[in-house]
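Participant: To start, I am sharing the structure in question, which I have written as structure tokens.
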Amino acid sequence: MELLEESGFCPSTGIYYSKWDSPQLPLSPSLSLPSFLLSHSHPRTLLKPAFVHAKSGKAVTYGETRVLVGAIGAALRARGVGKGDVVLLVAPNSLSFPLLVLGIMSSGAVFSTANPMNTRPEIKTQVEDSKPVLILTTQELKPKMEGLLPTPLLLVQDFLDHVLRTVPGPSSSTPTPKPTPTPTPVSQSDTAALMYSSGTTGKSKAVVCTHRSLIAMSCLLKHVWSSHEGGGGGGGGCLDEVYLCVVPLFHMFGLSVFVCGAMAAASTVVILGKYSAEATLAAVEEYGVTRLPAVPPMVMQMVRAAKDATAKQYDLSSLREVVCSGAPLAKEYMERFSKFYSQITLSQCYGLTETNGPITLCDGIEGRFHVSIGRLIPSLEAKIVDICTRKSLPPRKCGELLVRGPPVMQGYFKNREATCLAIDEEGWLHTGDLCFIDSLGLVYVVDRIKELIKYKAYQVAPAELEEILCSHSDIVDAAVIPCRDEEAGEIPMACVVTSKGSNLQEEDIIKFVAEKVAPYKKIRKVVMVDSIPRSPSGKILRRHLRASAAHPRLEISPRL
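Structure follows, in structure tokens:
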């Protein structure tokens, strides 16, 4: 097989191959994600913190995690939860969240979750789709969940208090736990989780995540991080990494990085219950955080915090890297970040719920910030195909990104039609993202194909215009959406957040962009807004903007 060495592209097959060597994935069919992640045997690993609560400082070691996960699984089986049953966990980030995730999976049940900020009708729709036998939630969220199932809600704190009473402590007076039903063996092919995603088209759908696909993601992340750090396992390298979890664990980015990757690499995860820029920086200082996975709004807020002369200054000397994902980060923001945090590398990664986590990483790439989303992780194959002809494209040609490999989902839950639209007969997942791969094998995202603006006969990428808008010194944030036009079909309209005290006018913004783009790409209408609505992963919620664009001044709070 002839490869264009640097890019990893094979002209005869039209496939891009990962430049990383591929690790051996576990072959045993009788293996679950919890049993794989909790198989550490090195004494140093068992005694080190797996998870730490940022505010209280309370920690759970790897050895304690193993015991608690087993106890949670046993308690669920004792309540009648069986293999294949869906258990829905709706809760904010906490020390108990990853323990509950793994406990549910270890019982043979299927873990599912939802954004705690979702409305009751949104959660009801998800419940009707996945049909959970049990809902675990918090006291604060109880009113939103009551009555969604015929069975009573189970409050997280009450359940954990019960579990802890069954766990033998250092005192011999601890009561012997009652016998629980013997669990049905779990295999790699079994479903481990249902994670909801909008996919490439249509409404939210449940992605079927098997134990095999999550184990594969765990192995591949560990392999990349261990190779980059020159260690891992029982001795050093990633074992000494401290991750700060500020992104939601109900999202695949959080679940894959902090539960799958970090635990496989025997790293410590510090969990922040409620995000704020100040709390994030304080946690980095207090716990010696080395790596911070984040989403674009968090990077922007870190820049604003650094610019604020009145803000408290924190010691961030331990922090080596901020890894941004969830949505593309404009180069202008990366440059601003690098200016204020010159000692920290700012990189990007890319993944989907449908790929069970990141499929590109910037590890090992030189530079203080990375405009690309990195290289394909080990064992992944990719194609860039022309969106009209569907032919494979060589390096530096733009088209839809297709990927194939061990972490890719099995399909959408009980939705064969959507599965067939997403995964073709050769096993290629169609991402719906417009990308190109350069001569060095680095991947770049241009935009979502479905978000391209059709101006006359031309296609305009909103992300390109957003990056230009954000380079203006008076523009804090921006989003570009299509606006219906009788003659052109659609025209690019900018929704812009300006800095405090700015006198920037619509005509100024239109002229600023027009000087930097081809005529068909020009911004033709501007709406001033108070904020740009974003999803928890940082994606711009363009449908919210389109629905509200008629208002003279939008008042939409971003959801983090």
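Taking the UniProt record's numbering, the leading residue of the sequence shown gets 1, the next gets one more, and so forth. Where a beta carbon is used, it is the ideal one built from N, C-alpha and C, also for glycine.
Under the assumption that PHE340 contacts VAL299 (Cβ atoms under 8 Å), give the Cβ distance between them as a whole number of angstroms.
Facilitator: One-based indexing of the sequence shown puts residue 340 at position 340. One-based indexing of the sequence shown puts residue 299 at position 299. 11 Å between Cβ atoms; not a contact.
Participant: Looking only at C-alpha atoms, which of PRO29, LEU434, TYR444 sits nearest to ALA461?
Facilitator: Position 461 of the sequence shown, counted from the first residue, corresponds to residue 461. Ranking PRO29, LEU434, TYR444 by Cα distance to ALA461 puts LEU434 first.
Participant: Beta carbon of VAL270, beta carbon of VAL52: below 8 Å?
Facilitator: For the purposes of this step, residue 270 is taken as residue 270 along the sequence shown, with counting starting at 1. For the purposes of this step, residue 52 is taken as residue 52 along the sequence shown, with counting starting at 1. A contact, by the Cβ cut-off of 8 Å.
Participant: GLN459 bridges to which residues according to DSSP?
Facilitator: Within the sequence shown, the letter at position 459 stands for residue 459. Beta-bridge pairing links GLN459 to LYS454.
Participant: To which residues of the same chain is CYS470 closer than 6 Å at the C-beta, ignoring the five residues directly before and after it?
Facilitator: By one-based count along the sequence shown, residue 470 stands at place 470. The answer, listed in chain order, is ALA330, GLU332, ALA478.
Participant: Could you name the residues of the same chain whose beta carbon sits closer than 7 Å to that of GLY14, not counting the 5 residues immediately before and after it, in chain order?
Facilitator: Within the sequence shown, numbered from 1, the residue matching residue 14 stands at position 14. Answer for GLY14: LYS383, SER392, listed in chain order.
Participant: For THR191, does the three-state DSSP call read helix, strand or coil?
Facilitator: Within the sequence shown, numbered from 1, the residue matching residue 191 stands at position 191. THR191: strand per DSSP, three-state reduction.
Participant: Please report how far the alpha carbon of ASP386 lies from the alpha carbon of GLY399, in whole angstroms.
Facilitator: In the sequence shown, counting from the first residue as 1, residue 386 sits at position 386. In the sequence shown, counting from the first residue as 1, residue 399 sits at position 399. Going from the Cα of ASP386 to the Cα of GLY399 covers about 5 Å.
Participant: May I have the straight-line CA-CA distance separating VAL371 from ALA422, to the nearest angstrom?
Facilitator: Taking the sequence shown and counting its residues from 1, the one referred to as residue 371 is at position 371. Taking the sequence shown and counting its residues from 1, the one referred to as residue 422 is at position 422. The alpha-carbon atoms of VAL371 and ALA422 are separated by roughly 27 Å.
Participant: Given MET334, which residues of its chain have a CB within under 6 Å of its CB, disregarding the five upstream and five downstream residues?
Facilitator: Translated into positions along the sequence shown, residue 334 becomes position 334. The answer, listed in chain order, is LEU346, PHE369.
Participant: Considering only residues of the same chain and omitting the five flanking positions on each side of ASP85, which have a CB-CB separation below 6 Å?
Facilitator: As a working note, residue 85 is residue 85 in the sequence shown. ALA109, VAL133, listed in sequence order.
Participant: Would DSSP call LEU376 helix, strand or coil?
Facilitator: On the sequence shown, residue 376 is found 376 positions in, with the first residue counted as 1. Strand, per DSSP.
Participant: Just the Cα atoms here: how many angstroms apart are TYR62 and LEU68?
Facilitator: Looking up residue 62 in the sequence shown gives position 62. Looking up residue 68 in the sequence shown gives position 68. About 10 Å.
Participant: Quick check on ASN356: buried or exposed, where buried means 16 or more other Cβ atoms within 10 Å of its Cβ?
Facilitator: Counted from its first residue, the sequence shown places residue 356 at position 356. Burial call: buried.
Participant: Got a sec? Which residues, its chain only, sit under 7 Å from TYR314 by beta carbon, not counting five neighbours each side?
Facilitator: Mapped onto the sequence shown, residue 314 falls at position 314. Same-chain partners within the cutoff: LEU281, ALA282, VAL284, GLU285.
Participant: Return the residue from the list THR125, MET105, VAL246 that minimises the CA-CA distance to residue 641.
Facilitator: This structure cannot speak to residue 641, because the chain is shown only from 1 to 560.
Participant: Count the other CB atoms within 10 Å of the CB of residue 598; is the residue buried (16 or more) or exposed (fewer)?
Facilitator: Any property of residue 598 remains undetermined from this structure, which presents the chain solely from 1 to 560.
Participant: Sort PRO406, PRO248, GLY288, GLN24 by Cα distance to LYS274 and report the nearest one.
Facilitator: The count along the sequence shown starts at 1 and reaches residue 274 at position 274. Taking only the C-alpha atoms, the option nearest LYS274 is PRO248.
Participant: Do LEU220 and ILE123 have their CB atoms nearer than 8 Å?
Facilitator: To locate residue 220, count along the sequence shown from 1; it is residue 220. To locate residue 123, count along the sequence shown from 1; it is residue 123. No; because the gap between Cβ atoms is not below 8 Å, this pair is not in contact.
Participant: DSSP puts GLY411 in a beta bridge; with which residues?
Facilitator: Here residue 411 corresponds to residue number 411 of the sequence shown, with the count starting at 1. Answer by DSSP bridge pairing, in chain order: VAL208.
Participant: Do you know offhand how far GLY374's Cα is from VAL445's?
Facilitator: Here the question's residue 374 lines up with position 374 in the sequence shown. Here the question's residue 445 lines up with position 445 in the sequence shown. Their Cα atoms are separated by approximately 10 Å.
Participant: Leaving out five residues on either side along the sequence, give the residues of the same chain with a beta carbon under 8 Å from the beta carbon of LEU141.
Facilitator: Counting from one through the sequence shown, the residue named residue 141 turns up at place 141. Hits under 8 Å: VAL90, ALA91, PRO116.
Participant: Spatial neighbours of GLN188 within its chain, please: CB distance less than 6 Å, with the 5 preceding and 5 following residues excluded, ordered by chain position.
Facilitator: Here residue 188 is taken as the residue at index 188 of the sequence shown, counted from 1. For GLN188, where only same-chain residues beyond five positions count, the Cβ hits under 6 Å are PRO29, LEU31, HIS211, ARG212.
Participant: Identify every residue that forms a DSSP beta bridge with LEU292.
Facilitator: For the purposes of this step, residue 292 is identified with residue 292 of the sequence shown, where counting begins at 1. According to DSSP, LEU292 bridges with VAL322.
Participant: If I follow the unbroken alpha helix (DSSP H) through ALA277, where does it start and stop?
Facilitator: As a first step, residue 277 is located in the sequence shown; it is residue number 277 there, counting from the start. Unbroken alpha helix (DSSP H) run through ALA277: 277-287.
Participant: Given a cut-off of 8 Å, decide if VAL289 and VAL242 are closer than it, judged by their beta-carbon atoms.
Facilitator: Residue numbering aside, residue 242 sits at position 242 when the sequence shown is read from its first letter. Residue numbering aside, residue 289 sits at position 289 when the sequence shown is read from its first letter. Yes; because the gap between Cβ atoms is below 8 Å, this pair is in contact.
Participant: What residue from LYS516, MET493, PRO519 has the CA that sits closest to VAL529's CA?
Facilitator: Within the sequence shown, numbered from 1, the residue matching residue 529 stands at position 529. Ranking the options by Cα distance to VAL529, first place goes to MET493.
Participant: If you drop the 5 nearest sequence neighbours on each side, which residues of the same chain put their C-beta closer than 6 Å to that of VAL480?
Facilitator: Taking the sequence shown and counting its residues from 1, the one referred to as residue 480 is at position 480. Excluding positions up to five away in sequence, the list reads PRO462, LEU465, GLU466, PRO492, ALA494.
Participant: Got a sec, what are the start and stop residues for the beta strand (DSSP E) LYS525 sits in?
Facilitator: The residue given as residue 525 occupies position 525 in the sequence shown. Looking at the DSSP string, the run of the beta strand (DSSP E) that includes LYS525 is 525-528.
Participant: Under a three-way DSSP split, which group does ASP474 fall into?
Facilitator: Here residue 474 is taken as the residue at index 474 of the sequence shown, counted from 1. The answer is coil: DSSP assigns ASP474 none of H, G, I, E or B.
Participant: Leaving out five residues on either side along the sequence, give the residues of the same chain with a beta carbon under 6 Å from the beta carbon of THR138.
Facilitator: Residue mapping note: residue 138 aligns to position 138 of the sequence shown, counting from 1. Excluding residues within five positions, the ones whose Cβ falls inside 6 Å are ALA91, VAL156.
Participant: Mark THR151 as exposed unless 16 or more other C-beta atoms lie within 10 angstroms of its C-beta, in which case mark it buried.
Facilitator: As a working mapping, residue 151 is identified with position 151 in the sequence shown. Label assigned to THR151: exposed.
Participant: How far does the beta strand (DSSP E) with ALA45 in it extend, from its first residue to its last?
Facilitator: For the purposes of this step, residue 45 is taken as residue 45 along the sequence shown, with counting starting at 1. Per the sequence shown, the amino acid found at residue 45 is Thr instead of Ala. It is not in any beta strand (DSSP E) - THR45 instead sits in the alpha helix (DSSP H) that spans 43-47.
Participant: Given ALA550, which residues of its chain have a CB within under 8 Å of its CB, disregarding the five upstream and five downstream residues?
Facilitator: Counting from one through the sequence shown, the residue named residue 550 turns up at place 550. Any reading at ALA550 must be qualified, since the residue scores a pLDDT of 49, below 50, and its modelled position is unreliable; no value is offered.
Participant: Would you check whether the ligand GTP has a heavy atom nearer than 7 Å to the C-beta of VAL81?
Facilitator: No copy of the ligand GTP occurs in the structure displayed, which carries no ligand at all.
Participant: When you compare only the Cα positions, how much space is there between LYS454 and GLU487?
Facilitator: Along the sequence shown, one-based indexing puts residue 454 at 454. Along the sequence shown, one-based indexing puts residue 487 at 487. If I take the Cα positions, the gap works out to 12 Å.
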